[in-house]
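S.K.: Using the numbering used here, read the sequence shown as starting at 1 and increasing by one per residue. The beta-carbon is built from N, C-alpha and C at its ideal position, and this holds for glycine as well. Take a look at the following structure, please.
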Amino acid sequence: MTSLPSLPTPKKMGLVIDLDVCVGCHACVVNCKEWNTGGYGAALSDQHPYDADVSGTWLNRVHAFEVVPEGGEVVGEAGEARIVHFPKSCLHCEDAPCVTACPTGASYKRAEDGIVLVDEDMCIGCGLCAWSCPYGAREMDLAAGVMKKCTLCIDRIYNETLNQIDRQPACVRTCPANARHFGDLADPNSVVSIMVAQRGGMDLMPEQGTRPVNKYLPPRARKPLAASAGAAAQEDTSGATGFFAWLDGMLDRI
1 MTSLPSLPTP KKMGLVIDLD VCVGCHACVV NCKEWNTGGY GAALSDQHPY
51 DADVSGTWLN RVHAFEVVPE GGEVVGEAGE ARIVHFPKSC LHCEDAPCVT
101 ACPTGASYKR AEDGIVLVDE DMCIGCGLCA WSCPYGAREM DLAAGVMKKC
151 TLCIDRIYNE TLNQIDRQPA CVRTCPANAR HFGDLADPNS VVSIMVAQRG
201 GMDLMPEQGT RPVNKYLPPR ARKPLAASAG AAAQEDTSGA TGFFAWLDGM
251 LDRI
């Protein structure tokens, strides 16, 4: 079995994902697939991509959940309906069970920055790491016969030939809503650590005891739509002139 680093890693490189602003566009998913197909390790394969039984390897997925408002039994019963988009990939846990379950040493955690990786030359495709991961963050690549997982785009973040702005995971670089952030969560003064402290960043399934490095920022409380409509209706437009005065008068007649 593989051992975890004997000492805490000096850096804890990871992601902070803001569930309040993720729109579920899947741009991070697609760019992750594109970069990792042509980058670190073997390509991410697809099986029967244009058939009804399509399957493939993806290192990042976005799930969508309907949220039941407090006091309601169904969505929208006691409040406004809400959809939360939940991206999920490897969390690079401090106490990573996928590493200690690996019989060949293929799965390992880097001592310098805490990133969990797979040495594909040593992987025998036994699947023990996938069975041990409580988050379902590993996938078997059927074409390569080895396990795949998020690498935090290690071939980008340390690549000095890239511009500084591009030395971050592909998913972070491509997110149009700025919902994904990358940095050192061992540094309390880093941008990601400050975000976690200010917004109450959470671990996914903390009861598992894996101490994931990646954090989630919870959705902020929404104002009821009725309250927002009421505020708009009370807006003072008495000072409007010209076209806007005419438009205000027309709207009053509706």
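1. So who's on the other strand from K109, going by DSSP bridges?
2. With three or more beta-carbon pairs closer than 8 Å as the criterion, would you say the segment 240-251 touches the segment 115-125?
3. Are at least three pairs of beta-carbons, each pair with one atom in the segment 14-23 and one in the segment 82-90, less than 8 Å apart?
4. Tell me whether the segment 150-164 and the segment 187-194 touch, counting them as touching only if at least three CB pairs, one residue from each stretch, are closer than 8 Å.
5. Looking only at C-alpha atoms, which of A137, K11, T2 sits nearest to H63?
6. By DSSP's criteria, L217 is part of a beta bridge. Which residues make up the other side?
7. Report the option in P219, L251, L59, R173 whose CA atom is closest to the CA atom of L117.
8. Nearest-angstrom Cα distance between Y50 and G127?
9. Mind checking which residues open and close the beta strand (DSSP E) that includes A143?
10. If you run the structure through DSSP and keep just helix, strand and coil, what is V68?
11. Using CA atoms only, rank isn't needed, just tell me which of A52, Q47, S89, S55 is closest to R61.
12. Is V54 helix, strand or coil by DSSP?
13. Helix or strand or just coil, what does DSSP make of D248?
14. Enumerate, from N- to C-terminal direction, the unbroken beta strand (DSSP E) stretches of 3 or more residues contained entirely within the segment 127-190.
15. Excluding the five sequence neighbours on either side, which residues of its own chain have a C-beta within less than 8 Å of the C-beta of L7, listed in chain order?
16. Counting beta carbon pairs with one atom in the segment 171-186 and one in the segment 28-35, are three or more of them shorter than 8 Å?
17. Within 10 angstroms of the Cβ of A52, are there 16 or more other Cβ atoms? Answer buried if so, exposed if not.
18. Shortest alpha-carbon distance to K11 belongs to which of V146, G145, L251, F182?
19. Which of the three DSSP states, helix, strand or coil, is assigned to R61?
20. So C93 and P212 are in contact, right, with Cβ under 8 Å, and what is the actual spacing, rounded?
21. At the level of alpha carbons, what is the spacing between K149 and A221?
22. Checking 8 Å against the spacing of the C-beta atoms, do L15 and K109 come in under that value?
23. When the Cα of Q208 is compared with those of L91, G105, P134, which residue comes out closest?
24. Helix or strand or just coil, what does DSSP make of M195?
25. Could you give the DSSP three-state label for P97: helix, strand or coil?
26. Which one of N178, I115, I17, S45 has the shortest CA to CA distance from V146?
27. Which residues in the same chain as E139 place their Cβ atom closer than 8 Å to its Cβ, once the five residues preceding and following it in sequence are excluded?
M.R.: So, from the listed chains and residues:
1. V116
2. no
3. yes
4. no
5. A137
6. D18
7. L59
8. 27 Å
9. Here A143 belongs to no beta strand (DSSP E), and DSSP marks it neither H nor E.
10. coil
11. S89
12. coil
13. helix
14. 139-141, 146-148, 180-184
15. A111
16. yes
17. exposed
18. F182
19. strand
20. 5 Å
21. 33 Å
22. no
23. P134
24. helix
25. helix
26. S45
27. T57, W58, L59, A130, M147, K148, K149
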